[in-house]
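Below: one structure, written as structure tokens.
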Amino acid sequence: MAVIDANGVCKQGRRKEKARATDTMRQALDIFSYGLTQLFGNFGTALRLTGLIWLLASLAVYALGYAMVGLPIGAMSVLPDAEGEMPALSATFTTVSIAINLLAGAWVTLLWSRFCLGADIPRGLLPSFKGMPVGGHLLTLILVLASVGAAAFVLSFLGSFALPYMPLLVGFFVYPLVGLYVLIWLFLRLGAAIPASAAGQIMSLRQAWSGSRGAALWLLAILAVILLVVLTAPSVLLAGLLIPGNVYSVISSWLILLIGTGWLVAIFRRIPPVTK
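This is the structure we're talking about:
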């Protein structure tokens, strides 16, 4: 009788583990698909709310690139010359470009988060921010990006020491991919504070972190890495073609930003409200 009970308990435990694994996969797929369906199911609205500002910000960055470093490129595309020297105004260009992208990103995430959450959204191609929590949202976005940026610095610092001791494939492919995965996972863990701020709520990074625990985000981060690689891979093929490469970069970055914001909204919805 004891053996039968033990077997029964063992089978019940396996069923529970299988149910938990299935639930984890379902949650990850639900969040992943939410980001896609919100964008492509409301593509016209997304384009109206965020398309023009992202295009204008990108054109401003390319115009600055042409004026400061001689090429209409983004901040991350500035390369040293044949003698290994960076262009004279490259640091200024990078700083201003990051500021432009940050402001445009705050605009896009604020409006798209509010749309996904069912909040009132303004009309027009350049909507007004009147009555919206712009300052709190921008500050939250900066805090999240700064946290992820600090983690990226640590990973890069560790990689610079470990790279000479790694096999070539690991050092130039596996480690960067794992690093990207960790950074995306961290962004997903902290990022629920972004749509919370767009809704006018106060959610600390600690609350976002504790509220988003679970294995679902580990799986979601894997799916996010795959999608990111798929969307950015054509940029490598278009690297030698300036105009097509820039056009694709604007489109792909806009898609990534909106899909990612949708994921953060879905995560935010799953976090129970904090009781005082």
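Quick note on the numbering used here: the sequence shown kicks off at 7 and runs consecutively. Don't be surprised by glycine CBs; every beta carbon is placed ideally from N, CA and C. Quantities reported herein were computed from a predicted structural model and do not represent experimental measurements.
For residue i, which three-state DSSP category applies?
i: A47; result: The residue asked about is misnamed: residue 47 is Gly in this sequence, not Ala. It is helical.
i: A8; result: Interpretation of A8 is limited by its pLDDT of 46, a score under 50 that renders its predicted location unreliable; the figure taken from the coordinates is listed afterwards. Note: A8 maps to helix in three-state DSSP.
i: S255; result: helix
i: I127; result: coil
i: D36; result: helix
i: L244; result: coil
i: L2; result: Nothing about residue 2 can be reported from this structure: the residues present for the chain run from 7 to 282 only.
i: K136; result: coil
i: P201; result: helix
i: K282; result: With a pLDDT of 45 at K282, under the threshold of 50, the predicted position of this residue should be treated as unreliable, though the coordinate-derived value follows. Three-state result, K282: coil.
i: G220; result: coil
i: I277; result: coil
i: R21; result: helix
i: I208; result: coil
Hey, out of the options, whose CA is closest to residue i's CA?
i: P182; options: R219, A158 and F193; result: A158
i: L194; options: F178, F179 and V271; result: V271
i: T1; options: V184, A168 and S255; result: There is simply no residue 1 to check, as the chain begins at 7 and stops at 282 in what is shown.
i: T115; options: I148, T101 and R129; result: I148
i: L65; options: F135, A110, S119 and A222; result: A110
i: A165; options: S153, L233 and F179; result: According to the sequence as given, residue 165 is Gly; it is not Ala. Measuring from the Cα of G165, the nearest candidate turns out to be F179.
i: G137; options: A125, L145, S216 and L131; result: A125
i: S103; options: L145, F121, W60 and S162; result: W60
i: L161; options: G142, L192 and R276; result: L192
i: S218; options: V236, L175, P279 and V176; result: P279
i: V184; options: I277, A202 and W224; result: W224
i: S39; options: L226, G71 and I208; result: L226
Skipping 5 residues on each side, what residues in its chain have a beta carbon closer than 6 Å to that of residue i?
i: G41; result: I265, G268 and W269
i: T205; result: The residue you asked about is not Thr; residue 205 is Ala in the sequence shown. The answer, listed in chain order, is L123.
i: L144; result: A112
i: A63; result: I106 and A110
i: L263; result: V114
Can you tell me where the alpha helix (DSSP H) with residue i in it begins and where it stops?
i: T146; result: V140 to A168
i: A214; result: L211 to G217
i: I106; result: S96 to C122
i: G71; result: L58 to V75
i: V180; result: First-last for V180: undefined, no H or E at that position.
Here's a check: name, in chain order, each residue in its chain whose Cβ is nearer than 8 Å to the Cβ of residue i, leaving out the five neighbours to either side.
i: D36; result: A272
i: S210; result: A199
i: S153; result: L192, L196 and L211
i: K282; result: Note that K282 has pLDDT 45, beneath the 50 cutoff, so the model's placement of it is unreliable and the number below is only indicative. Around K282: no qualifying Cβ.
Suppose the cutoff is 7 Å on Cβ atoms and the five residues either side in sequence are ignored; what does the same chain contact list for residue i look like?
i: L117; result: L55, T56, I127 and P133
i: G177; result: L169
i: L186; result: V231
Hey, would you say the C-beta of residue i is under 7 Å away from at least one heavy atom of the ligand GDP?
i: I208; result: The ligand GDP is absent from the structure shown, which contains no ligand whatsoever.
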